[in-house]
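Okay, so here's the structure we're looking at.
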């Protein structure tokens with residue numbers, strides 16, 4: 002299989018490529034302050050991850066926020082937190098209503114229309130921190146699939162840290178076919194069925210630091226919801 006990095010979403014193949022899209026700088030600046038008020042992730046040991054989760058439907062380029070739902074993955078996809086019903090706070094209403102957020106999310110929806118029959122997207126708003134006493138782990142479950150059709154990872158900001166190299170692999174444990182530290186404004190999109198993914202830990206290069214990302218998934222919830 003030939004793997005391609007695509008910078009034009011019109012050339013994106015759901016089966017044999019991944020894409021890096023650039024988000025407008027003014028949208029990043031408008032969104033970033035909302036990461037300052039994230040609640041701690043109560044499902045992880047340590048004090049390095051802060052998180053919110055909401056899901057949305059798109060119709061005719063209009064977004065509708067869907068009713069609150071818990072987030073669940075089986076241990077098939079998440080050996081660390083699988084089979085746990087996780088209940089996260091919703092994204093801030095001010096963020097959701099902002100033009101910057103809506104334009105950014107609609108960019109991911111354009112990929113979804115190519116690669117998934119679903120019209121719902123999950124949005125995970127995540128800050129991972131590090132200081133001199135604790136590293137931050139963006140993917141404590143290790144290399145994994147999310148259990149969806151399409152995944153997007155958008156870096157909003159990073160400050161005072163090293164690490165956080167995002168990797169894509171065809172087989173679990175094989176050499177990555179893609180590896181890159183995502184810079185602010187870079188949105189990586191890939192087929193979750195085709196690629197395993199992982200992001201390496203972050204370490205503080207100053208007294209403390211952080212990495213802010215959105216993780217988008219299509220559909221909004223994994224396929225393996227409990228009965």
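In the working numbering, the protein residues as written are 2 to 228.
Each residue gets a CB set at the ideal place from its N, CA and C atoms; glycine is no exception.
Because the structure is a prediction, the values reported are computed rather than measured.
- Residue environment analysis places residue 48 among the exposed positions, since fewer than 16 neighbouring C-beta atoms fall within 10 angstroms of its C-beta.
- Selection 32, 212, 39 and 97 evaluated against residue 182 yields 212 as nearest (Cα-Cα).
- Contact check for residue 115 and residue 219: beta-carbon distance about 10 Å, past the 8 Å limit, so the pair fails to qualify.
- Residue 107 sits in a helix when the DSSP states are folded into three classes.
- Per DSSP, the unbroken alpha helix (DSSP H) holding residue 31 starts and ends at 26-32.
- Contact annotation: the stretch 187-205 does not touch the stretch 29-47, with fewer than three C-beta pairs closer than 8 Å.
- Around the CB of residue 180, fewer than 16 other CB atoms lie within 10 Å, so the residue is classed as exposed.
- Residue 52 and residue 39 have their alpha carbons spaced roughly 6 Å apart.
- When the alpha-carbon of residue 59 is set against those of 98, 119 and 141, the nearest one is in 119.
- Taking all protein chains in view, the Cβ of residue 108 is crowded by 16 or more other Cβ atoms within 10 Å, so the residue is classified as buried.
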